[in-house]
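Q: Residue numbers (the UniProt record's numbering): 1 to 526. For glycine and all other residues, C-beta sits at the position ideal for the given N, C-alpha and C. What you are looking at is a predicted structure, and each value in this text was computed from that prediction instead of being measured.
Spelled out as C-alpha cells, the structure:
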C-alpha cells in the first residue's frame, strides 16, 4: 500500500478538482460521511441517542468534522461540537459546512479561553466517543498550551478517540510528536495513508488505521509516482518466485555465508538457518575451522568451508585460493569478529563474489570509517544496520538516527548507492533510487540477540534465488517480522529467542503464499 506525504496528498486533492472537475466541497462531504460511518462502527452500529463529542479546528480537518457532525445528527446521535478557533477564521469549504451545521440547529461551543476547559470536562463525562478534527496534515511543531491541556484531558478520560486523517499533534510526514498528541483508537485517513501513521511514535498514536475512499479517481492515484509504500502481505506476495514442478536445487541459488568466530558460532548457525528456511537451494558456510565442529551438527543441510583463522577470527588471508564464482549471493558479517584484519576479509569477499551481498553485524563494524570498500562490490549491496550500527557508519549519534529514521536511511542509501535496511520498530528499507518501504510486521519481542542474524540469512537466501536486491530486502524484512509475530503469539514477547523466529519462518512463508486478496478498492484496515 502506497504512502504519501502531506504535500503529495494535497496535490492529489488539487488534481481531482482541476483535472476531473470534482469540487473540493464534494471531497470534504465524502470525508465527513466516512468519518460518521466509522463513528457508527466504533459504537457497534448503535448511535441513536449517543453523545458524540467533536473537536474542530479552523482548517479543512475541522470542515470534515462539521460534515460528520450533521450526518451523525441525521442518524440520531447527539453532537457536542467544540470549535477550537474563532468563527471568523473559518474559510471556504469549511465555512460552508459550518453554516449548514448551524442552520440544522447544531450548537457550537467555543474553546478559546482556559475557562472553557471546564465545559470540555463536563462534556467528556457524558460522551461515548470523541472525534478529533482539530489538526490535519499541515500540522507542524508544538501544540498551543490551551489545546495541549484539552488533549491531555481527553487522553486521560479513557474515552475512545476517532481521529480524522491523523491524530492531532502528529506530523504527517515523519510520525514525530513534538509535544502532545491525541491517542486515537481509530484513525480514519483520507484517500491514502500518510507516512506518519505507520512509523513510530505515530503508529502507536494512530491506533487502528482505516483508509477510506473520498472519490479521488483511482486511475489518477495509480498513475502518480509515489516513492513510499507500506509492506503488506498483498504487496509482498507479488515478489515471491514460483517453484517449477521440474525444479532442482540448482534452480534456487547458492548462498555463501561468511562469518562466525570462536565464541560467536551461534550467529553463523542462526543466519544459515534463516537462509535454509527461506527457499535457497544451497548454502555454503565459510567459517573458522575452530568452530567447524560446533556448526555442522546444527545445520547439517549446509556445506562448509572451514577456513584458517587468527585467534579464531577470519582474516584477509583466510580465503586463500577459494573460488567464489559458484555463489549467486553472499551474507557477510554475523559473528565475524572485530579485529583489524576483518576489514581485509570483507574486502576480499566483496572483490570475489559476483552477485548481491548482504552486510550485517561485524561486516558493518569493519565498514565504518571505510565506506570506500563498497566500491569493490561486484553486485548490489544490502546493508542491514540497527540504529547503533547506522550511527557508527554515518558519524551521527544513535539519537539522531532514531529521530528521523526515514530521512537518514533515504539519504545514505542514495549517497552510498546501496539498499539500506534500517532495523527497529517499523523497519525502513531505502533504495539508491529514492524508493522507500516501511515494514508493518514485527514486535518488541524480536529485540533479542541473534534476530538480526536470522534476517540477514533470509534476505541473502532471497537474493541468491534471483529476487532483486530491493525486493529481497523488503520481502525478507516482512516475512522475518511475520515469523516474529507468530512466535510472539506462541511464546509471548518476553520469552522469545531468535531461534523461535527461524522455527516460525515456514508458517510465515505459508501464510504469505496462501494469503487471500481481501481489498474491495474502497476501504482497507491496515
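Would you mind working out which of 171, 188 and 140 sits nearest residue 161, comparing C-alpha positions?
A: Minimum Cα distance to residue 161 is reached at 188.
Q: Measure from the alpha carbon of residue 503 to the alpha carbon of each residue in 491, 112 and 212, then state which is nearest.
A: The option with the nearest alpha carbon to residue 503 is 491.
Q: Is the region 403-413 in contact with the region 457-466, if contact means three or more CB pairs nearer than 8 Å?
A: With a cut-off of 8 Å, the region 457-466 and the region 403-413 do not count as touching, because too few Cβ pairs lie within range.
Q: Put residue 111 into one of helix, strand or coil per three-state DSSP.
A: Note: residue 111 maps to coil in three-state DSSP.
Q: Buried or exposed, going by whether 16 or more other CB atoms sit within 10 Å of the CB of residue 50?
A: Label assigned to residue 50: buried.
Q: Please report how far the alpha carbon of residue 207 lies from the alpha carbon of residue 185, in whole angstroms.
A: Cα to Cα, residue 207 sits roughly 5 Å from residue 185.
Q: Please confirm whether residue 423 and residue 380 have their CB atoms less than 8 Å apart.
A: Going by C-beta atoms, residue 423 is not nearer than 8 Å to residue 380.
Q: Along the chain, where does the alpha helix (DSSP H) that runs through residue 365 open and close?
A: Segment 362-367, the alpha helix (DSSP H) holding residue 365.
Q: DSSP three-state call for residue 46: helix, strand or coil?
A: If DSSP states are grouped into helix, strand and coil, residue 46 belongs with coil.
Q: Which residues in the same chain have their Cβ closer than 8 Å to the Cβ of residue 371, if we skip the five residues on either side of it in sequence?
A: Counting only Cβ-Cβ distances below 8 Å, and skipping sequence neighbours, we find 393 and 416.
Q: Using the Cα positions of residue 430 and residue 441, report the straight-line distance between them to the nearest angstrom.
A: Distance between the alpha carbons of residue 430 and residue 441 is about 17 Å.
Q: Check residue 497 in the structure and name its three-state DSSP category.
A: Residue 497: coil per DSSP, three-state reduction.
Q: Answer with buried or exposed for residue 83, where buried requires no fewer than 16 other C-beta atoms within 10 angstroms of its C-beta.
A: Classification of residue 83: buried, given that the 10 Å Cβ count is 16 or more.
Q: Please go through the region 47-120 and give each complete alpha helix (DSSP H) segment of 4 or more residues, from N-terminal end onward.
A: DSSP runs (the alpha helix (DSSP H)) wholly in the region 47-120: 60-74 and 92-103.
Q: Can you check DSSP and say which residues form a bridge with residue 306?
A: In DSSP, residue 306 forms a bridge with 287.
Q: If you draw a straight line from the C-alpha of residue 511 to the C-alpha of residue 277, how long is it?
A: Roughly 14 Å between the two C-alpha positions.
Q: I need the DSSP call for residue 571, collapsed to helix, strand or coil.
A: Since the displayed the chain opens at 1 and closes at 526, residue 571 lies outside it and no answer follows.
Q: Please state if the CB of residue 325 and the CB of residue 253 are separated by a distance shorter than 8 Å.
A: In this structure, residue 325 does not lie closer than 8 Å to residue 253 by Cβ.
Q: Using a Cβ distance threshold of 8 Å, determine whether the region 217-236 contacts the region 252-272, with at least three qualifying pairs required.
A: Segments in contact, no.
Q: Would DSSP call residue 254 helix, strand or coil?
A: Note: residue 254 maps to strand in three-state DSSP.
Q: Check whether the region 119-138 touches the region 22-31, taking contact to mean three or more Cβ pairs, one atom from each stretch, closer than 8 Å.
A: In short, these stretches do not touch, since the Cβ pair count stays below three.
Q: Within 10 angstroms of its Cβ, does residue 110 collect 16 or more other Cβ (buried), or is it exposed?
A: By the neighbour-count rule (16 or more Cβ atoms within 10 Å), residue 110 is not buried but exposed.
Q: Mind checking which residues open and close the beta strand (DSSP E) that includes residue 329?
A: Run containing residue 329: 329-332, per the beta strand (DSSP E) assignment.
Q: Determine the extent of the beta strand (DSSP E) in which residue 182 is found, giving its start and end residues.
A: Here residue 182 belongs to no beta strand (DSSP E), and DSSP marks it neither H nor E.
Q: Taking the beta carbon of residue 219 as the centre, do at least 16 other beta carbons fall within 10 Å, making it buried, or is it exposed?
A: Label assigned to residue 219: exposed.
Q: By Cβ distance below 7 Å, which residues in the same chain neighbour residue 552 in space, the five residues on each side in sequence not counted?
A: Residue 552 lies beyond the residue range present for the chain, which begins at 1 and ends at 526; the question has no answer from this structure.
Q: Quick check: what's the CA-CA separation for residue 359 versus residue 383?
A: So the two alpha carbons sit approximately 5 Å from each other.
Q: Given this structure, state the Cα-to-Cα distance separating residue 167 from residue 499, to the nearest angstrom.
A: Whole-angstrom Cα-Cα distance: 38 Å.
Q: For residue 457, which option in 448, 438, 477 and 298 has the closest C-alpha, if you only look at C-alpha atoms?
A: Answer by Cα proximity: 477.
Q: Taking C-alpha atoms, which residue in 451, 243, 481 and 216 lies nearest to residue 22?
A: Nearest option by C-alpha distance: 216.
Q: Is the beta carbon of residue 419 sitting closer than 8 Å to the one on residue 470?
A: Their beta carbons are under 8 Å apart, which means residue 419 touches residue 470 by this criterion.
Q: Between which two residues does the beta strand (DSSP E) holding residue 420 run?
A: Unbroken beta strand (DSSP E) run through residue 420: 419-422.
Q: Quick one: grab the DSSP three-state call for residue 173.
A: Looking at residue 173 - three-state DSSP - the assignment turns out to be coil, as it is neither helix nor strand.
Q: For residue 199, which of 17, 46, 224 and 425 has the nearest alpha-carbon?
A: When only C-alpha atoms are compared, the closest one is 425.
Q: DSSP puts residue 216 in a beta bridge; with which residues?
A: None; residue 216 has no bridge partner.
Q: Measure the CB-CB distance between residue 16 and residue 36 and report whether it falls below 8 Å.
A: No, these two residues do not count as a Cβ contact at 8 Å.
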